[in-house]
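Here's the structure, in structure tokens; my notes come after.
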Amino acid sequence: MIVTHLKITNLRAMEAAEFRFQPGFNLIVGVNGVGKTSVLDALGVCLSAVMKQTNKLRTRVESFTRDDIRVGVDALTVECGIRLGEKDYAYLVHKPRETSVPQEKKAGMPREQVYDTPERTEFLGKPPAPVSGREFGGRPLAVLFSTNRAVPSERAPSKGVAAGGVAAAFADAFAHRELRIGEFAAWMRVQETLRKESPTAGRVLAAFEKAVSRFLPEYENLRQGENDGHQLWIDR
15 MIVTHLKITN
25 LRAMEAAEFR
35 FQPGFNLIVG
45 VNGVGKTSVL
55 DALGVCLSAV
65 MKQTNKLRTR
75 VESFTRDDIR
85 VGVDALTVEC
95 GIRLGEKDYA
105 YLVHKPRETS
115 VPQEKKAGMP
125 REQVYDTPER
135 TEFLGKPPAP
145 VSGREFGGRP
155 LAVLFSTNRA
165 VPSERAPSKG
175 VAAGGVAAAF
185 ADAFAHRELR
195 IGEFAAWMRV
205 QETLRKESPT
215 AGRVLAAFEK
225 AVSRFLPEYE
235 NLRQGENDGH
245 QLWIDR
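For any residue, its number in this note's numbering is found by taking its place in the sequence shown, counting from 1, and adding 14.
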């Protein structure tokens, strides 16, 4: 899955903005307060809904609140474009300030003096078909790395992690949570135990080590702490 574009209207301090993403890394640069975090939040809200629908998950999706609507306007709108395989799709999130508004010309007519302004969270046009995980390239994946992920935490994972099937992998994927090191350590401990019986576990750990060496070339041997199973150690 590739994110192709993002359109934002009346989100927080942003009146209107559009981003076209290119293959590879895309940098969003600006002074403090210009809206960089709002862009990431908009992507997180849209992609959490896309992941739920395409992967047939029952997890909670991220959403906007009334406080996210720019002051002085009635609604915010975000459109996120994605590409799955060779097809392009667009997901829309529309959040009104009020669920219904009065019609001045219909005052005194109880059935017609107000009209509904519902929220919209849906694909524009025909949605992509749900995936099974057996497709070429695997499942569509997305994850939010907010600045809060750099803060270590010993907080217990949410109940969503205990969900069955692939839902556990998507639990809190778009939440502004801290980095739960103990969760990583527990996962590594399980994979180390399983690698004697399952080649898949060994390949997963090898891929994890390769990712560490790629992003931290001066470090190696990421492992569980010897004195505390809730810590991770790495050699330099």
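Ideal placement from N, C-alpha and C gives every residue a C-beta, glycine not left out.
Since the model is a prediction, treat every value here as computed from it, not as a measurement.
According to DSSP, residues forming a beta bridge with residue i
| i | result |
| --- | --- |
| Glu234 | Asp249 |
| Ala31 | Ile22 |
| Ser114 | Asp130 |
| Lys224 | In DSSP, Lys224 forms no bridge with anything. |
| Lys101 | Leu98 |
Three-state class that DSSP yields for residue i in the structure shown
| i | result |
| --- | --- |
| Pro213 | helix |
| Ser167 | strand |
| Met15 | coil |
| Gly95 | strand |
| Glu136 | strand |
| Leu90 | strand |
| Leu41 | coil |
| Leu57 | helix |
| Leu106 | strand |
Min CB distance residue i to chain D below 7 Å
| i | result |
| --- | --- |
| Val59 | Of the protein chains in this structure there is only one, and it is not chain D. |
Alpha carbon of residue i to alpha carbon of residue j, nearest angstrom
| i | j | result |
| --- | --- | --- |
| Phe78 | Lys109 | 7 Å |
| Thr113 | Phe222 | 47 Å |
| Arg194 | Asn46 | 27 Å |
| Arg34 | Ile22 | 12 Å |
| Glu32 | Lys224 | 35 Å |
| His190 | Ser146 | 28 Å |
| Pro142 | Tyr105 | 11 Å |
| Leu90 | Asp81 | 10 Å |
| Arg84 | Leu155 | 30 Å |
Buried or exposed (CB count within 10 angstroms, at least 16 for buried), residue i
| i | result |
| --- | --- |
| Val64 | buried |
| Val204 | exposed |
| Tyr233 | exposed |
| Ile96 | buried |
| Thr207 | exposed |
| Leu230 | exposed |
| Asn24 | buried |
| Val107 | buried |
| Ala56 | buried |
| Ser227 | exposed |
| Thr68 | buried |
| Phe188 | buried |
| Thr161 | exposed |
Residue interval of the alpha helix (DSSP H) (run including residue i)
| i | result |
| --- | --- |
| Arg203 | 195-208 |
| Phe184 | 181-184 |
Cβ-heavy atom distance, residue i to the ligand SAH, below 6 Å
| i | result |
| --- | --- |
| Pro142 | With respect to small molecules bound, the structure shown includes none, and the ligand SAH cannot be examined in it. |
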